[in-house]
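S.K.: One structure coming up, written as structure tokens, with questions to follow.
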Amino acid sequence: MREQLPPLNNDLQDKKTTIQQQVDDEPHYGKMPTQEVKRWFTKVEDKLAHARHVEDKVSKGKCLFHSCLGKLVDETTQALKEIHAEGYFSGRLVVNDPSLVAVKLPTQTLVGHQVRVRDEIYGYLMGGKVGMIGVCRMGGIGKMTIMRDVHNNFDLGEIGIDELTKDNRCKVVLTTRSEEVIRSMGCKKVQVACLSKHEVMNLFLSKVRQDVSANPTLKSSIKLLVRECDRLPLALVTLAASMKGISNPRVWENAVNELRSDIHIRNIQGMKDKVFRSLKYSCDRLEKVDQDCFFYCALYPKGHQFEKEEIIQYWIEEGLIAEMGSQKAMEDNSHSILEKFEQNYLLERVKNGACVKMHDVVRKMALNITTKRFMVKAGKQLKELSNEEEWGEGSEKSLPSSISALEELKVLLLNRCNNLESLPSVLKLQALKKLRLGGSGIKEIPQGLEMLVNLRYFDLLAKHLILRNPEQMSEFNKLEVFEGWFYNMGDWNMYVGQRKKLYKYSILVCPLYPSRDIPWASSNLVVFERIEINSGDAVMLPYDIQQLHLKHCYGARSLNDIRLRDAIDLKECTVEDCFDLESIFSSKNDQLKKLKSLTLRNLADLKVLVGVGVGVEVLHKLEKVEVNGCLELEEIITEPEEEGMVMVCNSLQVIEISNCPKVKRIPLLLPQLKVDGEGKLYPSNTLQEIRMQTEDWWESVEGKHPSLNVKNVVQPLLNPYGLVWSVAVGPSSAIHTVFSDENPDACVIM
1 MREQLPPLNN DLQDKKTTIQ QQVDDEPHYG KMPTQEVKRW FTKVEDKLAH
51 ARHVEDKVSK GKCLFHSCLG KLVDETTQAL KEIHAEGYFS GRLVVNDPSL
101 VAVKLPTQTL VGHQVRVRDE IYGYLMGGKV GMIGVCRMGG IGKMTIMRDV
151 HNNFDLGEIG IDELTKDNRC KVVLTTRSEE VIRSMGCKKV QVACLSKHEV
201 MNLFLSKVRQ DVSANPTLKS SIKLLVRECD RLPLALVTLA ASMKGISNPR
251 VWENAVNELR SDIHIRNIQG MKDKVFRSLK YSCDRLEKVD QDCFFYCALY
301 PKGHQFEKEE IIQYWIEEGL IAEMGSQKAM EDNSHSILEK FEQNYLLERV
351 KNGACVKMHD VVRKMALNIT TKRFMVKAGK QLKELSNEEE WGEGSEKSLP
401 SSISALEELK VLLLNRCNNL ESLPSVLKLQ ALKKLRLGGS GIKEIPQGLE
451 MLVNLRYFDL LAKHLILRNP EQMSEFNKLE VFEGWFYNMG DWNMYVGQRK
501 KLYKYSILVC PLYPSRDIPW ASSNLVVFER IEINSGDAVM LPYDIQQLHL
551 KHCYGARSLN DIRLRDAIDL KECTVEDCFD LESIFSSKND QLKKLKSLTL
601 RNLADLKVLV GVGVGVEVLH KLEKVEVNGC LELEEIITEP EEEGMVMVCN
651 SLQVIEISNC PKVKRIPLLL PQLKVDGEGK LYPSNTLQEI RMQTEDWWES
701 VEGKHPSLNV KNVVQPLLNP YGLVWSVAVG PSSAIHTVFS DENPDACVIM
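Take 1 as the starting number for the sequence shown in UniProt numbering and just add one per residue.
This is the structure we're talking about:
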């Protein structure tokens, strides 16, 4: 008898375990077992407990009669069989948990862009293509406010989650401050933007009492406070709550002063505890070295858009970036840190990603954290130094005379120190890695410069400082970035002949003060200005030069008088105000195959861009050609009749022609011409418009095409409007109008 119960007991227990596993395998958030399943679990527990009681009686022989014991075992066995049979369910094992779905989360009314984001999330939830949705942006911008609204309205059956299918078992919406999370999890990204100026004012006024919002004496302070919040909803709501019911104008004015002070925020309840703490979370997740780089960004004025290359150089100069063996490696590391800040919305991308800015409230948070490390007066238009106690002990207010003894000094930045005319000896500054004198008034190379053997970055583009001894440069074995000024071609050629490869450089060759500032060494640039270049002169170029600019140079009749054969990596060439120049390329030069941009301005004697026999295929990567103020220009390409050479323009979209009186020939091959059903040729959709000053001029222009006169084919596209002539050259070119009314004699080819 004791052997008859355990098998049934074990079978029922196994059945219960199987059903429980099936329930657990269902998407569990917001789900619960059906009432039928729950009742069955309860019955199973009761029957198993009763069976264990019967087993105990059988084992101890507590029943007086054998027939009584047998009947009890039979009844228990039958009950176990019946409950086991009930453990087969035709429908689903789980349903939505009404206790969770019915709960309304506390939230506020959505405004403006928040409504559009909520509707976008609804659209993805209702559709079948998106399963994971990532709502992202900086802290305090309203992500959870939007999600609470979605939840309070979040009917699972309506959005397709009630009935699970093989292809769509669940949908997930997450909020995050990191684009990296969105990307790594494969979510559909939904970004929450800041509110508009109109929306932030309405939100603020809705959170303060009516008697406050209607008080005319507070109107100015309200506007200033709202502006300081920089359209961040959390800051607006917190600020409104702290000022609710306050009608004293002096209290409002104090709140404005505290917010403007960046760090002395004491009387605005919740600003530190709620707003700053929320934003600080993103900062706390950064590593220590990254935090220092982030805090450094807060030193810029409020709302300032700063270039990435600029802040990176400051990080390196301050020693915030670990030594990595080369300038390029350190810059690459810095770019990865900037990318991290952008992806976590600690910095905002502007100007197509070339610049970044810090949100005003994020900046206040950063300055509040670093108040004991930094004293920041950026953008305050100070006319005198602040109180000494603000600077702290031991701070200097001028360049110390003992600078020559700073043997551990690594960075010395004296750029744009206009009144600084001389430097003491730098003989002992052998640890110096970066020296910037650009834009200063220094007139002489400091004594001991050749001893700076660890120098990596050297900028001497000062107003009066010219490198007259290029042999000094050979001492700088570790130099990677150089910005310099050579007085004559002899010194320049000597430097080019002996220098080692640099990572980046920006160099001026000019006997007089230049007519414009030379850009930072962001690429390999050489500028020749007011230099005489005669045919046969040895004008050397670095083999890794990428940009070549000539201005107010004379003597050369073609750029071939310069040793372009050395410029194997040249990508951009600009020539302006150079007299005597009659052609740009007079002979074939295979080194120009990488040239992408050619800009020609005010070349009075220029007659042709590309001479006979040069071969347009040499310039096959050319994307932009701009010609302004070249009134003697007659031909774009000189073409022998027997060769029928033409310029292939696969991406031609717009031709604009004006004030080019001597241009009579346009040797263009238009491969986009197509044949219609009647055998007539017509231009494809890429060529959309031809603009010219008068149609009479167009009639005088000769075009080239293998089978017909192009002018007749494109006649329907003529528009007597344009100011310039634009031509796209190269397979990936884009057409833009670059002419302005400031120069009515310009001829532009792009």
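For every residue, glycine included, the Cβ atom is placed at its ideal position computed from N, Cα and C. Given the structure is predicted, the values throughout are model-derived calculations rather than measurements.
Quick one: is G249 buried, meaning 16 or more other Cβ sit within 10 Å of its Cβ, or exposed?
M.R.: Translated into the one-based positions of the sequence shown, residue 249 becomes position 249. For the sequence presented, residue 249 should be read as Pro rather than Gly. P249 is exposed by the Cβ-count criterion.
S.K.: Quick check: what's the CA-CA separation for A214 versus S247?
M.R.: On the sequence shown, residue 214 is found 214 positions in, with the first residue counted as 1. On the sequence shown, residue 247 is found 247 positions in, with the first residue counted as 1. The alpha-carbon atoms of A214 and S247 are separated by roughly 10 Å.
S.K.: Please name the residue in N152, L225 and D14 whose C-alpha comes closest to that of V361.
M.R.: For the purposes of this step, residue 361 is taken as residue 361 along the sequence shown, with counting starting at 1. Closest option to V361, Cα to Cα, is L225.
S.K.: Could you tell me which uninterrupted alpha helix (DSSP H) segments, each at least 4 residues in length, are contained entirely in the segment 94 to 137, listed from first to last along the chain?
M.R.: Runs of the alpha helix (DSSP H) inside the segment 94 to 137: 98 to 101 and 113 to 126.
S.K.: In angstroms with no decimal places, state the Cα-to-Cα distance between G139 and I265.
M.R.: Within the sequence shown, numbered from 1, the residue matching residue 139 stands at position 139. Within the sequence shown, numbered from 1, the residue matching residue 265 stands at position 265. The straight-line gap from Cα to Cα measures roughly 20 Å.
S.K.: Within 10 angstroms of its Cβ, does Q13 collect 16 or more other Cβ (buried), or is it exposed?
M.R.: Here residue 13 is taken as the residue at index 13 of the sequence shown, counted from 1. Exposed, because fewer than 16 other Cβ atoms sit within 10 Å of the Cβ of Q13.
S.K.: Look at the alpha carbon of K15 and the alpha carbon of N9, and state the distance between them as a whole number of angstroms.
M.R.: Counted from its first residue, the sequence shown places residue 15 at position 15. Counted from its first residue, the sequence shown places residue 9 at position 9. One C-alpha to the other measures close to 10 Å.
S.K.: Quick check on this structure: which residue in E634, F204 and S184 has the alpha carbon closest to the alpha carbon of Q343?
M.R.: Taking the sequence shown and counting its residues from 1, the one referred to as residue 343 is at position 343. Minimum Cα distance to Q343 is reached at S184.
S.K.: By Cβ distance below 6 Å, which residues in the same chain neighbour N418 in space, the five residues on each side in sequence not counted?
M.R.: By 1-based counting over the sequence shown, the position of residue 418 is 418. Closer than 6 Å at Cβ, skipping near neighbours: G441.
S.K.: For L652, which three-state DSSP category applies?
M.R.: As a working note, residue 652 is residue 652 in the sequence shown. Any answer about L652 is weak, because its pLDDT of 48 lies below 50 and its placement is not dependable; what the coordinates show is given next. The answer is coil: DSSP assigns L652 none of H, G, I, E or B.
S.K.: Determine, using beta-carbon pairs with one atom in the segment 200 to 216 and one in the segment 170 to 180, whether at least three such pairs fall under 8 Å.
M.R.: The segment 200 to 216 vs the segment 170 to 180: no contact.
S.K.: Could you say if the segment 68 to 86 and the segment 43 to 50 meet the contact criterion of at least three C-beta pairs nearer than 8 Å?
M.R.: Contact between the segment 68 to 86 and the segment 43 to 50 is present, because at least three Cβ pairs lie under 8 Å.
S.K.: Got a sec, what are the start and stop residues for the alpha helix (DSSP H) M144 sits in?
M.R.: Here residue 144 refers to the residue found at position 144 of the sequence shown. Segment K143 to N152, the alpha helix (DSSP H) holding M144.
S.K.: Output needed for Q430: all residues of its chain with C-beta closer than 8 Å, excluding positions within five of it in sequence on either side, in chain order.
M.R.: Residue 430 sits at position 430 when you count from the first residue of the sequence shown. Excluding residues within five positions, the ones whose Cβ falls inside 8 Å are E407, M451, L452, V453 and N454.
S.K.: Which residues bound the beta strand (DSSP E) around I584?
M.R.: To locate residue 584, count along the sequence shown from 1; it is residue 584. It spans S583 to F585 - the beta strand (DSSP E) in which I584 sits, taken as one unbroken run.
S.K.: Which of the three DSSP states is assigned to C355 in this structure?
M.R.: As a working mapping, residue 355 is identified with position 355 in the sequence shown. In the structure shown, C355 sits in a strand (DSSP, three-state: E or B).
S.K.: Buried or exposed for T238, please, with buried defined as at least 16 other CB atoms from any protein chain shown within 10 angstroms of its CB.
M.R.: Stepping through the sequence shown from its first residue, residue 238 is reached at position 238. Flag for T238 reads buried.
S.K.: Which residue's Cα is closest to the Cα of N469: Y487, V481 and K478?
M.R.: Locating residue 469 in the sequence shown gives position 469, where the first residue counts as 1. Out of Y487, V481 and K478, Y487 has the C-alpha closest to the C-alpha of N469.
S.K.: Can you grab the Cα-Cα spacing for the pair F89 / Q22, in whole Å?
M.R.: Here residue 89 refers to the residue found at position 89 of the sequence shown. Here residue 22 refers to the residue found at position 22 of the sequence shown. Between F89 and Q22, the C-alpha separation is close to 11 Å.
S.K.: Considering only the alpha carbon of each residue, which of E532, E623, Q546 and L541 lies closest to L581?
M.R.: Here the question's residue 581 lines up with position 581 in the sequence shown. Taking only the C-alpha atoms, the option nearest L581 is E532.
S.K.: Over what stretch of residues does the beta strand (DSSP E) that includes L609 continue unbroken?
M.R.: Against the sequence shown, residue 609 aligns to sequence position 609. Note, L609: beta strand (DSSP E), V608 to V610.
S.K.: If you compare alpha carbons, which of D566, A556 and V625 is closest to D605?
M.R.: Residue 605 sits at position 605 when you count from the first residue of the sequence shown. Out of D566, A556 and V625, A556 has the C-alpha closest to the C-alpha of D605.
S.K.: Between which residues of its own chain and G131 is the CB-CB distance below 6 Å, once the five residues before and five after are set aside?
M.R.: Here residue 131 is taken as the residue at index 131 of the sequence shown, counted from 1. Result list for G131: K171, in chain order.
S.K.: What do you get for M271, buried or exposed, if any count of 16 or more other CB atoms within 10 angstroms of its CB means buried?
M.R.: On the sequence shown, residue 271 is found 271 positions in, with the first residue counted as 1. Classification of M271: buried, given that the 10 Å Cβ count is 16 or more.
S.K.: Using only CA atoms, which one of G448, R456, E444 and L460 lies nearest to R436?
M.R.: Here residue 436 is taken as the residue at index 436 of the sequence shown, counted from 1. It is L460.
S.K.: Grab me the residues of S261's own chain with a C-beta within less than 6 Å of its C-beta, minus the 5 sequence neighbours each way, in chain order.
M.R.: As a working mapping, residue 261 is identified with position 261 in the sequence shown. For S261, where only same-chain residues beyond five positions count, there are no Cβ hits under 6 Å.
S.K.: Which first and last residues belong to the beta strand (DSSP E) in which L413 is found?
M.R.: Taking the sequence shown and counting its residues from 1, the one referred to as residue 413 is at position 413. Here the beta strand (DSSP E) through L413 covers V411 to L413.
S.K.: Rounded to whole angstroms, how far is the Cβ of K428 from the Cβ of S404, which I believe are closer than 8 Å?
M.R.: Here residue 428 is taken as the residue at index 428 of the sequence shown, counted from 1. Here residue 404 is taken as the residue at index 404 of the sequence shown, counted from 1. That belief holds up - the Cβ atoms of K428 and S404 are roughly 6 Å apart, short of 8 Å.
S.K.: Quick one: residues in its chain with C-beta nearer than 8 Å to the C-beta of F306, no 5 flanking neighbours on either side, listed in chain order?
M.R.: On the sequence shown, residue 306 is found 306 positions in, with the first residue counted as 1. So the qualifying residues of the chain are C297, Y300, C355, V356 and K357.
S.K.: Find the nearest neighbour of E576 within the set V627, K434 and L218, judged by alpha-carbon distance.
M.R.: Mapped onto the sequence shown, residue 576 falls at position 576. E576 has its Cα closest to that of V627, out of V627, K434 and L218.
S.K.: Which of the three DSSP states, helix, strand or coil, is assigned to Y88?
M.R.: Numbered from 1 along the sequence shown, position 88 holds the residue referred to as residue 88. Looking at Y88 - three-state DSSP - the assignment turns out to be coil, as it is neither helix nor strand.
S.K.: DSSP on F739, reduced to helix/strand/coil?
M.R.: By one-based count along the sequence shown, residue 739 stands at place 739. Since pLDDT at F739 reaches only 30, below the 50 mark, its modelled position is unreliable, and the value read off the structure follows with that caveat. Of the three classes helix, strand and coil, the one that applies to F739 here is coil, per DSSP.
S.K.: Report buried or exposed for S220, applying the criterion of at least 16 other Cβ atoms within 10 angstroms of its Cβ.
M.R.: Taking the first residue of the sequence shown as 1, we reach residue 220 at position 220. With fewer than 16 Cβ atoms within 10 Å of its Cβ, S220 is classed as exposed.
S.K.: Go ahead and pull the three-state DSSP assignment for I222.
M.R.: Residue mapping note: residue 222 aligns to position 222 of the sequence shown, counting from 1. I222: helix per DSSP, three-state reduction.
S.K.: In the DSSP assignment, what residue or residues form a beta bridge with V172?
M.R.: Counting from one through the sequence shown, the residue named residue 172 turns up at place 172. Beta-bridge pairing links V172 to M132.
S.K.: Are the beta-carbon atoms of L105 and R118 separated by less than 9 Å?
M.R.: Taking the sequence shown and counting its residues from 1, one reaches residue 105 at position 105. Taking the sequence shown and counting its residues from 1, one reaches residue 118 at position 118. No, the Cβ-Cβ distance between L105 and R118 is not below 9 Å.
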